[in-house]
Each structure stands twice: as structure tokens, then as C-alpha cells.
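Worksheet for the structure shown next.
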Amino acid sequence: MSRLSIARTGLALCLLALAAMSQEFRATISGRVFDPTGGVVPNAKVTAVNTATNETSTATTDSTGTYSIPFLRPGTYKVTVQAEGFKQFNRENVVLEVGRIFPLDVTLEVGMVTESVNVTAEVAVLETQTASRAAVVTQRQVAEMPLNSRNPFMLGAMMSGVTFRGAAIWQRPFDNGAIAEWSVNGGRQSNNEFLMDGAPNNGQAGGNNIAYVPIVDAVQEFSVQQNSYDAQYGKTGGGIFNVVLKSGTNEFHATGWEFMRRKALDANTYQNNAVGAPRPDHTLDQYGFQLEGPLYMPKLLRKDGNVRLFYLGSFENYREKWPQFLQNSYPEPEMREGDFSKLVAADGRPITIYNPYAYTLVGGDPQRQPFPGNIIPKSMISPVAAAVTKYMPLPNAKTPGVRYSTLNNLNPQYAAKDKFYNLILKFDWNFGQNHRAFVRHASNDRTEDRSVNNLDNKIGTDGQQPFQRINDAYVIDWVWTATPTTVLNVRGSYNRFIEKGFGRANEGFDLTSLGLPASLINQLPTPRYFGRWEFPGYSSLGRYQSINITNNYNLMSNLTKIWRGHTMKMGLDLRRIHFIQQNTGNILYFQGQTQWTQRLWNQAEPTAGDSYASFLIGGVTGSVNIPLYPFNRQWYAAPYFQDDWKVTRRLTLNLGLRWDYNGPPDEKWNRLNRGFNPSAPSPVAKQIPASMLALYPNLANLTGGLEFVGVGGNPRIAARRDLNNWQPRIGAAYQLASKLVMRGGYGLYFMNPNNDFLKFAGFSENTPMVNSEDGGRTLVSNTLLTNPYPGGIKFPAGAAGGYNTFLGRDTSWFNPNFWTPRVHQFSFGFQYLLTGNSTIDVSYVGSRTVGANDERAFNIPPLSFRKQCNLLEGGSPAYCNETIPNPFKGIEAFRGTTHFTADRLTRYQLNRPFPQFSGDMIMQGLNTSKIWYNSLQINYNHRVGRDLTLLWNYTLSKMVERWGYADPFENKPQQGLYFNDRPHYFKFNTVYDLPIGRGKKFGGNMGRLADALIGGWTISTYTQWGSGEPNNLPANAIMLRDPRTIGGDWNGKVDWKRHQIVGWNPCVLRMFDDGRVVPQPFSIARGCSPTDFSQ
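This note's numbering runs 65 ahead of the 1-based position in the sequence shown.
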């Protein structure tokens, strides 16, 4: 074969692939045409006319009398059927819903074509041609349902098997993360596919957010496909949320609205009532307008022409000032001078501040001496700490019943601000009966201004000042009816979602003005910020920036062919996703540590130590982070074939096969990890001194290190390509009687792993502050703030660091052998037509999630060693906490870590499998998690024209998850009820037009003014009742108390021994290394409460 022939063949195959597939949002009319004897009628012409736009679509029955008219916009249609020798059949009020197949079998009567048979009643329709299960919210319900903040996606909560897990207060159209937290029929939370006009509408930022939320008035219909046995759908571990926007119609329409909230309409908050504060100001205005209709141009676009253009423009503005009672904690004025003499706990007992540089050794451990009078000498106060303190607000209140200097800065009248606009422009073209197209642009922009530490847009602010979410979405779609039995649809889309937040007032700050060395500051990336300063128990200062950008490019198409009773679709869903991260993290970070002003170095006491006091004398921890701004890229491709086969007049089979390639991401410049190699020889093994190898001979064979993409033969992607993602789909619908259909199906889906793969160790660099060289017993110097990094800071070595990357620190990685988790979905049930206007569906619905992402600790000592540290196993914690000589001290690869500077490390650390790394080292991407879901779902749907709509359902379910490990070394997985398990759920939705007004039952002849006042009212309600979620064992319970302890009190009169206690709450009990367990004194300051002592 010549090169030209090969090229032509390849081009033809590419075009064939593109001439197929989209995740279709429009409706289909499908059925068969029969004669009076039950014989099929071939070559009958079937025409569907959209009554709002006069848009006309046609099809011709094949040799089996089968026809199908796909790609019909949701709305109301008139259907006619014509055949030689038969009367014309007319069916009015055919209501098509998003993504639905409207079954319409027609029996023609013998007669002249000029004669007609008319059917006008709107009746409920049984699902006789598909086993898929989907719930649709009609345009009327979208418009009339009470929606907080007018977010149409929240209508998904009305569906059976659908549970919303986001915060109830974050349902606004710009709360893109919270409103994506849905679980559908046992699927994992936030693992659903969101579509708008059939185009992808997911944002990678945050994991799997909704990118764009449309204006309610511009929504035609909304659906949730809970079980789809159609191979054109994929990339979900739960359901598919599909929103269809309106199109312009033959008539011009203009709509305006204003939704408002004011202080007078709100109840006061619990916090304000508790302190006697009045209701804060709350103002919300959500207003907008919408224009839609036909567009005419002389000679080009005529009202009666073949080429017609319709438009829709919708705009909404959102302005809100919402109350946020700020309760902050800042040091009292005298404390800023070092005077802690007034510092007391909530119960009035004084809190003593100890000097970390004045101590005596008791059994080898330091016991510190208190500062005389609880006052830190001014000569010991760090000038950096004094400079930072100047940016703290002063206290303005006293809150009784709390620790001194706590909740002393109140602003009950503070209001956060939100500004948001939303815009939709859509144009629909009809080019005769064979060509239709639409173009749509949608954009919105949210800006939040909210402080959390009462430094409103001032240096040191912490909060969202500002926080922005910006969307731009474009779609172009074309439908071509090539023949009466062949239809092609092609769609391209682009969506850009930007999420960014920072404290603008902190940007450009001169850090040397705080007394920090210029040699350090000049090494930090720009722009430079105020830094991040934390003091546990007090409010924090400073905030850095975070920016995430998602670009989603998508090409879809669909080729539909009708042949001998088969409606066949074939296609390809092709996507290119860019996820760009510009998150600085905390570039310069400091935290005051209470432990440095406690009496004991390894034991917290409720009346000893204070984080701010430690900060004043330089008792801090901290780090310098040199960030990475990665440019992540990912391919997704999914060809499929679907055949909806009308086997007999009663039986329809849905047969499909889909293959997903959800490619692991790469990074534009190869700045990405590819797992951890536990057997790779560690380069530092040869640098360990011989004297240390004599103590630790096992270190001569030290192994383990991080791997990188594009290095050492590794491919550029983060994990292996999973090429075995075949997804069979099979369903059947059998009409047992005229009013009863039996439906069942099975479908295999593959979840979207989202951002799980992305690990960048070595490409950003974090230099931790070294504040102790003996495991935390003593503080190295009181110059930690003025010279925090005397050894300098580290800069990313990238892949050049090899197996020395991240030595001396904790890290995590993603399993490079990960395979895409799969979800088996299945259902079986019956649908019955109760009356001409209502149906009831009773179904068993289940799912099995297999191989979901799990994680486990990879660097903990073996169980045999850990038993020696466990009192309950006869061991002693002191054995593991004991420090022994550090074999890694001074080795350059460990610079900037405790491994580099400390003389000794704990025995626990040196008995880890990879002692050159600290921490437990979490391995992610284990395909070991599972979810089992079983349910009974009952749905009742009742519609009477536009007067009454009822959507009621009940779900009885159980959801069990296997996730996590009781002990990683023993491979004991944890299994129990999923946190989202809700055994019972009742949901009731009602929309009722009151029969009052012109043309209604009551007041049918009233005047226009009266009608405007009392006519046309609608009552809509939505109620849901569900059983509670499972609860974890209470953290404040004392478990398995020995009977001999009964009768004791909390003042230490009972000698609690370790063999008598299996578990304890540190708020209630304290265990010493020798096994003694004694009651703790009551202290709110330690995060305890009276309920801790009542269990």
C-alpha cells in the first residue's frame, strides 16, 4: 500500500471516530409504526415540530417500521406520521425531557393521507425503551422550586439515591467545591460528572468541583442520571448531573427579577444571642434580566425563511454583605511586654511560664525553672517577636469562663462581602430541516472579601482578601440529518476555571523591617508577603496566595444510524485537561510552641506554658518553602458503541461497550514523582562513618528513595497507563402489560482519579527550622528569630537529587502501579402507570466500588518492635523515646533537618524500615478500598398539565466501606458503615398552581389589575426527612473500665493501673511511662469540656 493510501485510510478512520459520540443532553423520539393488523409500516415519514420555534426534524421508518429522531431540544413537540394509504397521525403535547427517550409507537388507520387522527392529551409515559434510571426536573420545577441563592444544581437533592454532603450554608452559585459534594447510589462523594449542554463542566481545582453554575431563569431542564446503561456516558463513580440551557423561541420574552434579604428578615445568630449582641446587618441583592426571542435581518433572516436565528441573553448580579461574628484571641497589653502574671486557666488556676534555658536534669531529662513573678525579662524578648506583635490588634473585650487572653477581640458587626456576576449568551441557528447549530458563551466572576482575624485589609490579615472564582465556557454544536436514518452531531467546547485567593494587604511587605536578616529575605521568591505567624491558642497573622487554573478542551461527536430495529450510536469523547497550580504555600512560616515554656519537655500540663510566651523568647518552629508552580496535563479518550435494539413490540435491549483511557498526568517540564523504590540502594549508606556502622550494621545495606518521571528509564507520566478499561453496558425493558414495564440493567464505570497522582517532592523545597539538637529536650538558641537559618536554606534539586531527595523528612507518594477504580452499577424494578398522569417505580438499585484509592503508612517499625513500646503489650514508651547516637549527623544530604544536626535520634526513628526518612511516609494509590451499596427505591411522579406536579420518593439503603488499616503491617483493613450511610430517606416535592385568576376556576373573569394582585400564585414545597449518619466512637469516652475503679472520683483517689484501662481520653486521664494512669484536672484551655468527664 502506498503512503498516500495509508494517509487516506488514517484520515478516514479519524473522521469516522470524530463522527461519533457525545454525552448527549437532548431528547429522542423513538418507536415503531404499525398498521391496524399489527404489521409494520416501512417508509412512513415521521415529523417532530418544536412548537416554540417551529424547528422541524424528520425521520423515515425502516423495513421493520422502526424510526428514531435524535438531538431534539427539550420542550413541547407536535409529532405527525404519514404513510401512503393511511390517515395522518397527529400527536400534540409531546413533552421531551433532558436526555430522555420518548417512546411513541403509532398504529395508523386505513384512509386517505388528507384525513387525520389527532391525539392531544398530555399523559405520563412509561420507560419502555431503556433500562437506564434518571430523574428529571422540568422547567416549571426549576422556575418554581425554592432555591437558596438560586443554584439549580441543588435540585439534585430531590432525587432518590442522591445525597448532598456539602455544607448547608454553602449552596450559592459560586460555592463550586461544596456544591459538588454529591453521592449517587453508593458512589464516592465528589466523584460525579457534571455536564452543561452536554459539554464537560468539571473543574480540577479542589479535586472535582463544578466549574460553572448557570442562571436559574436560563435553565430549560435539569436531570441526574443515577444509573445509565448507555455507553455514551462515563468518567464517573456515581451519577451524571446534566443541565440544559434554554434557547430563544418564536416570541420575544423579557424577564427581570430581584431577590433580597435584609436584617429585618433574619433571625439573630446563636453566637450573638450568647453575648447579648444585636442582629448584625445583612444585605443581599440578587437581581438580573433575561431577553430571548427570534432575530430578523432583511433578506437574510426572514420570519418565514428556511434560515432562522434565535437568541438568549441572561445576566445576573449578586451582592451580599453577610454577618460574620469575629471572635479572636490576642495577647493582653502587659503580656506583650513579657508580663504573664495575670495568665490563668479557665478555672482560675495560674499558668506558669518556664524558662527553657534554666533547668536541672532529673534522670537525664530537663526540668525547667519558672520565670520569677511569671515575667520574662525584656532582655530575653526577641526584637523580631516585638516587631510582629505591633501588627496584632489590641483586646477590646472580656469573655467570662475562658482562659485569660482568650476570645478578647470581638467584632459582632463584621460583615464579609461577596460580589458576583453571571452572564449567558446563546444563539441557535436552523438551516432548514437538515442542519441545526448553536453557539453559547457563559462566564461568571466571584470576588469575596473576608477577614478571619479582624485585620480587615490590613497588614497581617488572614482570610480571603480577596478570593476569586472566574469561569469562561464556550460551546459550538452542529447537527446534520444526512439521511432520514442517519444523523451526525459534532460539538466542541472549552472551559476555563480559575480559583485564587490571598491577602492582598500582605503583598510587597519588607520583611527586613521586622528584624529578619536580609541574607534570608533576598533568597525568597517574589512577590514577598508578610509571612505566616501562628500561636496556638491565639489568632494567626498573614496569608499567602493560592491559584489554581483548569483548562478543559473537549471534542465530541455522535453518529446515529437506524437499521432494521436497531438504533446504533458510535463515538469518541476526546478531552485535553490542563491543571495549573500557583500555590506558594507558607513561604516563610513561624509558630510559637507551648512546649518550650512548659516545665517538662515531653509532657503537656494545663497550667504550664504558653505559645505566645515561647514566641517572645524565640521558642518557635518554622520553615522556608520554595514553591513549585506545576503545569499538569492529562488526556482522556473514550470510544464507544451503543445499540438500542427493538427486539419485539414489547422488548427493547440496550447493548453497549465503552473503552476509557483516563491517562495519568504528566507535567510540562517533567517535574513530577513516580513512586518510591524500596529496594534502590541509598547513596548515603557509603557516607555513614564506620563507627556508626559498627553500631548499626544494617545501615550498610540501606535502601529506598523517590523515583522521578523521565529519569532512569521512567516514562513521563506519573503512573502506568491503564489500558484495560472496557465497560460493558446491558439493559432490558420489557412491557408486561399496557401499564406495566419491567426494567433491569448492568453497567461498568471507571472513576475519575482527579488530582490523586500529583506528587512533586524534590521540585519544591521546604527547609525546616532546627530548634533542638537533642530531640526537643533543649532549645538551641534564643536567636532563632533573628537568625532562623544559620546554615542557609535549601533550594529544589529536582530529579537531580535522585535517591537523596527529601532525606531526613517525611514525604508521601502515589503508587505507580495504580489502576483506575471501577464501579459496578445494577438495578431491577417495575414501573406502573397508575393513571394517565402518574407513575410509580419500585426498584432494587445497587453498586459495588472496587479498587478505590486507599493509603497506608509505609515507614513504621515492625509490630515486634512496636510491642516493646506499648504498655498494654508489656513494653514501655520510654524504650522507644530513648535517644541513641545519630548515624546521619553531618552528612550533607541531610542538611536543613534534625538528622543533620542532632547528636542523637530516638530508637523508634532508627528502627523504621527507612530510617533516613522521618515520619510514617504515606503511600497513596492502593487499590484496596471497596464500597457495597444496596437499596430499595420507590418513586412516585404525578403531573396534571401545569396545575399540579408531585415528585415523591423513598430510599431504603445500606452502604458499607472498606478503607484504611487497623494495622498496616498486619494488613488488617477497617470495614464498617460508610460515613454517608443514611438508611431511610423520604423526599417530597410539590408544585401547585392555585386555581385563582383569569381563566381559572375561581375568579376566571376578574380584571387585569385584580389578576395581577391575587391571580397566578403558585405554592411550591420541598421536604426531606432522613435518618442520621453513623457516628464514630466518641473521642471522650473511657473504654473498658475495670469494675474495681467504680466509685472513684476525678481527684485522683483511685489508683488507675494500665491493666485496668484499654483506652483513655487525654482530657480525662494521663498515662506515665511507668504505667500509672491518673485523672487529669479539668481544663477548657486544653480543649476539654465538662462532657469529657460525663462519659
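Beta carbons are placed, not taken as given, at the ideal position from N, Cα and C, and that holds for glycine.
Just so it is clear, the structure is predicted and the values come from calculations on it, not from any experiment.
Taking the alpha-carbon positions, what's the residue i to residue j distance?
i: S578; j: N790; result: 58 Å
i: T551; j: T314; result: 27 Å
i: R714; j: A148; result: 20 Å
i: A507; j: S1000; result: 38 Å
i: A1166; j: S214; result: Missing from the structure shown is residue 1166; the chain here goes from 66 to 1160 and no further.
i: H631; j: V712; result: 8 Å
i: V1127; j: G939; result: Unreliable placement is indicated for V1127, whose pLDDT of 45 sits below 50; no coordinate value is reported for it.
i: Q752; j: D985; result: 24 Å
i: G1152; j: R931; result: For G1152, the pLDDT reaches just 42, beneath the cut-off of 50, and the residue's location in the model is therefore unreliable, although a value from the coordinates is still provided. The alpha-carbon atoms of G1152 and R931 are separated by roughly 29 Å.
i: L718; j: D262; result: 27 Å
i: N847; j: I682; result: 6 Å
i: E670; j: I244; result: 42 Å
i: I418; j: R326; result: 50 Å
i: G304; j: F965; result: 51 Å
i: Y352; j: P1060; result: 29 Å
i: T962; j: L693; result: 20 Å
i: I795; j: N307; result: 22 Å
i: A538; j: R874; result: 42 Å
Taking C-alpha atoms, which residue in the options lies nearest to residue i?
i: G990; options: G740, D240, R468, P746; result: G740
i: N1054; options: N108, Q194, L220; result: L220
i: K1065; options: L356, T1083, P431, S892; result: T1083
i: R593; options: G607, L169, V776; result: G607
i: P1095; options: Y1043, P135, V309, G303; result: Y1043
i: E947; options: D430, Y424, I166, V106; result: D430
i: F259; options: Y277, G940, V776; result: Y277
i: G674; options: G683, G596, Q663; result: Q663
i: L374; options: L758, T625, V504; result: V504
i: L16; options: T172, I440, Q194; result: In the structure as shown, the chain starts at 66 and stops at 1160, and residue 16 therefore has no counterpart that could be examined.
i: P238; options: D483, G1091, W494, A765; result: D483
i: G104; options: L137, E174, A117; result: E174
i: S756; options: D731, V774, M362, K954; result: K954
i: I134; options: F151, P168, A117; result: P168
i: N266; options: L771, V540, Q707; result: V540
I need the boundaries of the alpha helix (DSSP H) containing residue i, first residue and last residue.
i: F496; result: Unbroken run through F496 is the beta strand (DSSP E), 480-496; no alpha helix (DSSP H).
i: T454; result: 448-454
i: L975; result: 972-975
i: V776; result: Per DSSP, V776 belongs to no alpha helix (DSSP H) and is neither H nor E.
i: A1077; result: 1073-1079
i: M757; result: 755-760
i: R205; result: 204-209
i: S929; result: 928-931
i: L585; result: 583-586
i: H964; result: 963-966
Tell me the residue span of the beta strand (DSSP E) that contains residue i.
i: L716; result: 716-724
i: P942; result: Note, P942: premise wrong, no beta strand (DSSP E); alpha helix (DSSP H) at 942-946.
i: I682; result: Premise fails: I682 is in no beta strand (DSSP E) and is neither H nor E.
i: T1055; result: 1049-1058
i: F706; result: 696-711
i: A319; result: 318-326
i: F136; result: 131-137
i: V175; result: V175 -> no beta strand (DSSP E), and no H or E assigned at all.
i: I441; result: That residue, I441, is in no beta strand (DSSP E); it is neither H nor E in DSSP.
Using beta carbons (cut-off 8 Å, strictly below), is residue i in contact with chain D?
i: S622; result: In the structure shown, chain D does not exist; there is a single protein chain.
Three or more C-beta pairs below 8 Å linking the stretch 544-563 and the stretch 494-514: yes
Counting pairs of beta carbons, one from the stretch 161-172 and one from the stretch 92-103, are three or more of them closer than 8 Å? yes
The stretch 309-324 touching the stretch 279-289, judged by at least three CB pairs closer than 8 Å: yes
On the three-pair Cβ rule with 8 Å, is the stretch 471-488 touching the stretch 447-461? yes
Inter-stretch contact (C-beta, 8 Å, three-pair minimum) for the stretch 433-447 and the stretch 399-414: yes
Touching or not, the stretch 725-745 and the stretch 806-825, by the rule of three or more beta carbon pairs under 8 Å? yes
Can you check the stretch 979-1038 for any beta strand (DSSP E) of at least 3 residues that lies completely inside it and give the ranges in chain order? Every beta strand (DSSP E) of 3 residues or more that sits fully in the stretch 979-1038 is shown, in chain order, as 987-1009, 1013-1032.
Quick test of the definition: if touching needs 3 or more C-beta pairs under 8 Å, does the stretch 861-876 touch the stretch 826-836? yes
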